[in-house]
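S.K.: Residue numbers (full-length UniProt numbering): 1 to 897. For each residue, glycine too, the CB sits at the ideal point set by N, CA and C. In this text, all values refer to a predicted model and were calculated from it rather than measured experimentally.
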Amino acid sequence: MEGVARPEPKKEKSPQRGRSPRRNSPKRSGQKRASPRRESRDSKREKRDEWQRRPMLFERQRYHTFTPLRKDMTEVLEAMEQKIHLIDEIEMLIRAGYLKEFVYHDRVKGKGRRRCREDSEERSDRDEEGEGRDGRGKKPRRDGDKGGHGGEAPMKRGTIYMISGGPTDGDSNRARKKHARAVKRKREEVGITARMPVISFKTEDAEGVVLPHNDAFVITAEVAGFDVKRVFIDTRSSVDVMFYDCFVQINKELNMELKPVTTALYSFNGGEVMPMGEVSLPVALGSGELRKVRMVRFVVVGAESSYNIIMGRTSLNAFQAVVSTYHMTIKYPVGENVGEIAGDQLTSRSCYQTTVSNNKQLAKRQAESKGEEINRPGGSRSKEDKQKVEKGKEKMDIQPGEEVEEIQMIEGCEGRKFRIGKDLEEPIRSRQIQLVREFADVFAYTAEELTGISAEVIEHRLNIDLSVRPVKQKRRHHGAEMDKIIEQEVEKLLGARHIKEIQFLEWLSNTVMVSKAEGKWRMCIDFRDLNKECPKDLYPLPRIDQLVDSTAGCELLSLMDASQGYHQIPLAREDWKWVSFVTSRGTYCYVVMPFGLKNAGATYQRLVDKIFKEQLGRNMEVYVDDMLVKSKEELDHVRDLKETFLTLRRYGMKLNPAKCSFGVRSGKFLGYLVTKRGIQVNPEKVRAVMEMKSPTNVKEVQILAGRIAGLSRFISKVAEKSGPLFKTLKKSAKFQWTEEAQKAFEELRGVLANLPLLAKPIQGEELVLYISIGERAVSSVLLREEGIAQFPIYYVSRVMQGAETRYSEMEKCALAVAVTARKLRPYFLNHKVKVRTNMPLGETLGRPSVSGRLVKWAVELSEYSLTYKPRRAIKAQVLADFIQEGTKVEEESEGLW
Numbered sequence: 001m002e003g004v005a006r007p008e009p010k011k012e013k014s015p016q017r018g019r020s021p022r023r024n025s026p027k028r029s030g031q032k033r034a035s036p037r038r039e040s041r042d043s044k045r046e047k048r049d050e051w052q053r054r055p056m057l058f059e060r061q062r063y064h065t066f067t068p069l070r071k072d073m074t075e076v077l078e079a080m081e082q083k084i085h086l087i088d089e090i091e092m093l094i095r096a097g098y099l100k101e102f103v104y105h106d107r108v109k110g111k112g113r114r115r116c117r118e119d120s121e122e123r124s125d126r127d128e129e130g131e132g133r134d135g136r137g138k139k140p141r142r143d144g145d146k147g148g149h150g151g152e153a154p155m156k157r158g159t160i161y162m163i164s165g166g167p168t169d170g171d172s173n174r175a176r177k178k179h180a181r182a183v184k185r186k187r188e189e190v191g192i193t194a195r196m197p198v199i200s201f202k203t204e205d206a207e208g209v210v211l212p213h214n215d216a217f218v219i220t221a222e223v224a225g226f227d228v229k230r231v232f233i234d235t236r237s238s239v240d241v242m243f244y245d246c247f248v249q250i251n252k253e254l255n256m257e258l259k260p261v262t263t264a265l266y267s268f269n270g271g272e273v274m275p276m277g278e279v280s281l282p283v284a285l286g287s288g289e290l291r292k293v294r295m296v297r298f299v300v301v302g303a304e305s306s307y308n309i310i311m312g313r314t315s316l317n318a319f320q321a322v323v324s325t326y327h328m329t330i331k332y333p334v335g336e337n338v339g340e341i342a343g344d345q346l347t348s349r350s351c352y353q354t355t356v357s358n359n360k361q362l363a364k365r366q367a368e369s370k371g372e373e374i375n376r377p378g379g380s381r382s383k384e385d386k387q388k389v390e391k392g393k394e395k396m397d398i399q400p401g402e403e404v405e406e407i408q409m410i411e412g413c414e415g416r417k418f419r420i421g422k423d424l425e426e427p428i429r430s431r432q433i434q435l436v437r438e439f440a441d442v443f444a445y446t447a448e449e450l451t452g453i454s455a456e457v458i459e460h461r462l463n464i465d466l467s468v469r470p471v472k473q474k475r476r477h478h479g480a481e482m483d484k485i486i487e488q489e490v491e492k493l494l495g496a497r498h499i500k501e502i503q504f505l506e507w508l509s510n511t512v513m514v515s516k517a518e519g520k521w522r523m524c525i526d527f528r529d530l531n532k533e534c535p536k537d538l539y540p541l542p543r544i545d546q547l548v549d550s551t552a553g554c555e556l557l558s559l560m561d562a563s564q565g566y567h568q569i570p571l572a573r574e575d576w577k578w579v580s581f582v583t584s585r586g587t588y589c590y591v592v593m594p595f596g597l598k599n600a601g602a603t604y605q606r607l608v609d610k611i612f613k614e615q616l617g618r619n620m621e622v623y624v625d626d627m628l629v630k631s632k633e634e635l636d637h638v639r640d641l642k643e644t645f646l647t648l649r650r651y652g653m654k655l656n657p658a659k660c661s662f663g664v665r666s667g668k669f670l671g672y673l674v675t676k677r678g679i680q681v682n683p684e685k686v687r688a689v690m691e692m693k694s695p696t697n698v699k700e701v702q703i704l705a706g707r708i709a710g711l712s713r714f715i716s717k718v719a720e721k722s723g724p725l726f727k728t729l730k731k732s733a734k735f736q737w738t739e740e741a742q743k744a745f746e747e748l749r750g751v752l753a754n755l756p757l758l759a760k761p762i763q764g765e766e767l768v769l770y771i772s773i774g775e776r777a778v779s780s781v782l783l784r785e786e787g788i789a790q791f792p793i794y795y796v797s798r799v800m801q802g803a804e805t806r807y808s809e810m811e812k813c814a815l816a817v818a819v820t821a822r823k824l825r826p827y828f829l830n831h832k833v834k835v836r837t838n839m840p841l842g843e844t845l846g847r848p849s850v851s852g853r854l855v856k857w858a859v860e861l862s863e864y865s866l867t868y869k870p871r872r873a874i875k876a877q878v879l880a881d882f883i884q885e886g887t888k889v890e891e892e893s894e895g896l897w
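#1: Please classify Arg297: does DSSP put it in a helix, a strand, or coil?
#2: Would you mind listing the beta strand (DSSP E) stretches within the segment 237-274 that are 3+ residues and don't spill past its ends, in chain order?
#3: For His213, collect the residues of the same chain with a Cβ closer than 6 angstroms to its Cβ; drop the 5 residues on either side in sequence, then sort them by chain order.
#4: Is it right to say Glu533 is buried, meaning 16 or more other beta carbons lie within 10 angstroms of its own, or is it exposed?
#5: So what's Cys813 in DSSP terms, helix, strand or just coil?
#6: Taking the beta carbon of Glu506 as the centre, do at least 16 other beta carbons fall within 10 Å, making it buried, or is it exposed?
#7: Is the number of C-beta pairs between the segment 306-323 and the segment 690-703 that are closer than 8 angstroms three or more?
#8: Can you round the beta-carbon distance between Arg713 and Tyr807 to whole angstroms, since I take them to be within the 8 angstroms contact cut?
#9: Taking C-beta to C-beta, are Gly312 and Asp245 nearer than 9 angstroms?
#10: Check Pro427 in the structure and name its three-state DSSP category.
#11: Can you give me the C-alpha to C-alpha distance between Ser780 and Pro260, rounded to a whole angstrom?
#12: Give every residue of the same chain whose Cβ lies closer than 8 angstroms to the Cβ of Ser722, excluding the five residues on either side of it in the sequence, and list them in chain order.
#13: On the premise that Cys524 lies in contact with Gly596, defined as a C-beta separation below 8 angstroms, what is that separation, rounded to the nearest angstrom?
#14: Which first and last residues belong to the alpha helix (DSSP H) in which Asp549 is found?
#15: Give me the Cβ distance between Ile407 and Ala552, rounded to the nearest whole Å; I'm assuming they're in contact under 8 angstroms.
#16: If you check the beta carbons only, do Lys472 and Phe527 fall under 9 angstroms apart?
#17: To which residues of the same chain is Gly710 closer than 6 angstroms at the C-beta, ignoring the five residues directly before and after it?
#18: Since residue 898 and Leu769 are thought to touch, with beta carbons under 8 angstroms apart, how far apart are those beta carbons, to the nearest angstrom?
#19: Between which two residues does the alpha helix (DSSP H) harbouring Glu720 extend?
#20: Let's test the definition: count the other Cβ atoms within 10 Å of the Cβ of Lys202 and tell me whether it reaches 16, buried, or not, exposed.
#21: I'd like the span of the alpha helix (DSSP H) that includes Phe745, first residue to last.
#22: If Leu254 and Val300 are in contact, beta carbons under 8 angstroms, what's the gap, nearest whole angstrom?
#23: What does the alpha-carbon distance come out to for the pair Val338 and Ile199?
#24: Would you call the segment 541-550 and the segment 631-639 touching, i.e. three or more CB-CB distances under 8 angstroms?
#25: Please name the residue, chosen from Cys351, Ile420, Gly225 and Ile330, that lies closest to Glu304 on a Cα-to-Cα basis.
#26: For Lys331, which residues in the same chain have their Cβ closer than 6 angstroms to its Cβ, ignoring the five residues on either side in sequence?
#27: Give every residue of the same chain whose Cβ lies closer than 6 angstroms to the Cβ of Thr738, excluding the five residues on either side of it in the sequence, and list them in chain order.
#28: Just verifying my parser: in three-state terms, what is the DSSP assignment at Cys351?
#29: DSSP beta-bridge partners for Ser780?
#30: Give the list of continuous alpha helix (DSSP H) stretches no shorter than 4 residues that lie fully inside the segment 616-698.
#31: Below 8 angstroms on the Cβ atoms is my contact criterion, and I expect Ser563 with Leu646 to pass it. Report the Cβ-Cβ distance as a whole number of Å.
#32: Can you tell me where the beta strand (DSSP E) holding Leu530 begins and where it ends?
#33: Could you give the DSSP three-state label for Ala803: helix, strand or coil?
#34: Could you check which residue in Cys660, Thr446, Met810 and Leu211 has the C-alpha nearest to that of Trp857?
#35: Return the Cβ separation of Asp240 and Val296 in integer angstroms, given the expectation that the two are a contact with Cβ distance under 8 angstroms.
#36: What is the C-beta distance between Phe217 and Gly412, in whole angstroms, given that I count them as a contact (C-beta under 8 angstroms)?
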């Protein structure tokens, strides 16, 4: 009837989902009563179920109770549709986190409360990312599902995530966790991104690319004003990497310091690489109106690589760049336009070949070293032998400090090439190539092409004491594989007429195989017994410091190396029988000067000083078999090089083309990197220290100390900074690497990452000396001044011994000046030196009534032109360690008893 409502139906409690309905059964005797926690949990479930059913129950109640019977079904459905959207509203409130106390996830069997909560969060994350469920909690349809009926999704075996490392997401655990939580906080926020032009790739973008290809993406980018080539685009890398050699070149002008990094980089095989530091530099892509610049934070790594920089996801995202490896093109938005950078396919393949070649050589050296250990008498190589081999590998070869290109000596002949600087410009480049080809006869590509120096020019003599009883060593057995290598070397020497067979001999020595840096073997002779009976040739060798200083500041350099230089000098005929050796096939003797003789280096230095006497110091420097042609002006280099070639042709000396580089602007000479701007540290020496692990025994500390000594010219107060390292060398029952030593080691690594550029002293210029007195060491720096600018030339430091630590402050200052004068005697003899000190050192040394040691130092320093002036303000960063001249150490006062 109209206006009559139906009675409200009795509410019936619906059963819990997935469970059987509850029944009101009497409590059995002995049954335990449910805990209050469980009763509270059940009540929460009932509230949740009631809340989820509330919209529909409300509609049913409204229909049964208030809806008049006169309304038709259409009107009823419209009324329900107006209210049914409440479910979606509740879902949005749940995802926003406003109804957390009413949300419950089914408890998984076998998991605890915490694990269930983690699983629910993972499911929630997948829902929000669109991986597991759509916006309404339903599983999305996938390809292959039959309309969502009867097709179950295959079970996942697991999830594989990206491997990453470095300080990109923070350099501490707290920073990395904060970065990870930021994603969850911002996931619900709707970001408004700037409008970007449409970026797409067409077939025309692949023009000029050799297809098909699988080449790495390598480009040229502008970094801090430098055009850096061999930049590898790696979208998988979580950091932007700059290799140390590239950083050294860029830092010549900038003099930036690396910020410390504590997060290591991890490779896919689990290898750990600790960065040397990080630096932020501007990177520019494109040119003109399509130029885009962003600041990029590079992680500097001291490792060998065929690339200079690796650009990873961080920098690519900063540029909003889109990469297509197929088209070898990067596109990036610039306002409403799109800029693009094309990859260099030729450089990419060259880098790939270099990488593969280096890896093969490394694997070969490792395999040969293992083979050598097997074939050595006694089974394995001792630690001392390994260290000798490593020391031999660190020979100071001359190498170019920049890229070079290979040119065919004879056009069409692939086997004979030489190298010239890649940055040479015309017409110097063409003149350089023409000159080298004109003097092709001064190069020896094989041992048979060595004609040798005439005996009238020089001849090596042993001058052995004939009264000494000859020593005949018992033949050593090297094993079958090593004997084959020795036989091959003997055949080469016989073909080059460097040795001959001998029957009647007096002295006999054994062969020794030494591995070379490139993985090959060199056959040497054990002449130790013979060298004991030969007098020492006291012919002087030139000072390395003077050669390096005279080379720095030149426009162009040519680095040359003699081909088997010792074997080009003949041996006196009467001495052939002394240099005999034995192999598994017979006995032989040398007819030329062999490697390993006592006075071989002095003889070779005497030769080069004789034949190049007109050029030494003017346009050429020679240290034993390392030769360098230098030119102050770029246009004069071809003329200087021609003069050298004429001398080589006149005396019959041959060069090794594989170790010669002509027309380069920088090069590694005698362990230093010489350029027009000055003297830089050899990056290989720095890398050797940076890659060392903390020493575990005395021998490793000694190796570390030797490597630091090779860099001492560039390190201020090196004796004071490395003092804790040397304390571990004191004799004790057990070696102990202390925390103090480890701290000093880490600080020393930080210093090596920012070594200064050293200046070249100018002839006749007055130099300046600053001194500093520490608790256990005295230090000084010799520098040159141009106005207010200060440029270091040489750092000197020495540990005080015994009673020296108890000298007065004045005596320690005098000791620092005396130590520096002994170390840098050539500088003190050729220049006036101004000693800047606030101590009255000049007046004290000039008094006749001073103590005995001060008188001795005063007499020693009197031969130099020294003046003493008050200290000036030090503004150069490289001289920061010398701001404080002295350190007054207050000793603890002891009682009378």
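M.R.: A quick look at the data gives this:
#1: strand
#2: With a minimum length of 3 residues, the continuous beta strand (DSSP E) runs that stay inside the segment 237-274 are 240-243.
#3: none
#4: The residue is buried, with at least 16 neighbouring Cβ atoms inside 10 Å.
#5: In this structure, Cys813 counts as helix in the three-state DSSP scheme.
#6: exposed
#7: The segment 306-323 is not in contact with the segment 690-703.
#8: Going by Cβ atoms, the distance from Arg713 to Tyr807 rounds to 26 angstroms, so no, they are not a contact pair.
#9: No, these two residues do not count as a Cβ contact at 9 angstroms.
#10: coil
#11: 27 angstroms
#12: Ala705, Ile708, Ala744 and Leu748
#13: 5 angstroms
#14: Ile544 to Thr551
#15: Contact flag wrong, Cβ pair sits at about 27 angstroms.
#16: no
#17: Lys685
#18: In this structure the chain extends from 1 to 897, so residue 898 is not present and cannot be described.
#19: Val718 to Lys721
#20: Around the beta carbon of Lys202, a 10 Å sphere encloses fewer than 16 other beta carbons of the protein chains shown; the residue is thus reported as exposed.
#21: Residues Glu739 to Leu752.
#22: In this structure Leu254 is not in contact with Val300, their Cβ atoms being roughly 13 angstroms apart against a cut-off of 8 angstroms.
#23: 7 angstroms
#24: Contact fails: fewer than three Cβ-Cβ distances are below 8 angstroms.
#25: Considering only alpha carbons, the answer is Cys351.
#26: Here the set comprises Ile199, Val322, Val338 and Glu340.
#27: none
#28: helix
#29: Ile771 and Val796
#30: 637-651 and 683-690
#31: About 18 angstroms; that fails the 8 angstroms criterion.
#32: Here Leu530 belongs to no beta strand (DSSP E); instead the alpha helix (DSSP H) covers Arg528 to Asn531.
#33: Per DSSP, reduced to three states, the secondary structure at Ala803 is helical.
#34: Met810
#35: About 5 angstroms separates the beta carbon of Asp240 from that of Val296, a gap short enough to meet the 8 angstroms contact definition.
#36: The Cβ separation is near 34 angstroms, so there is no contact.
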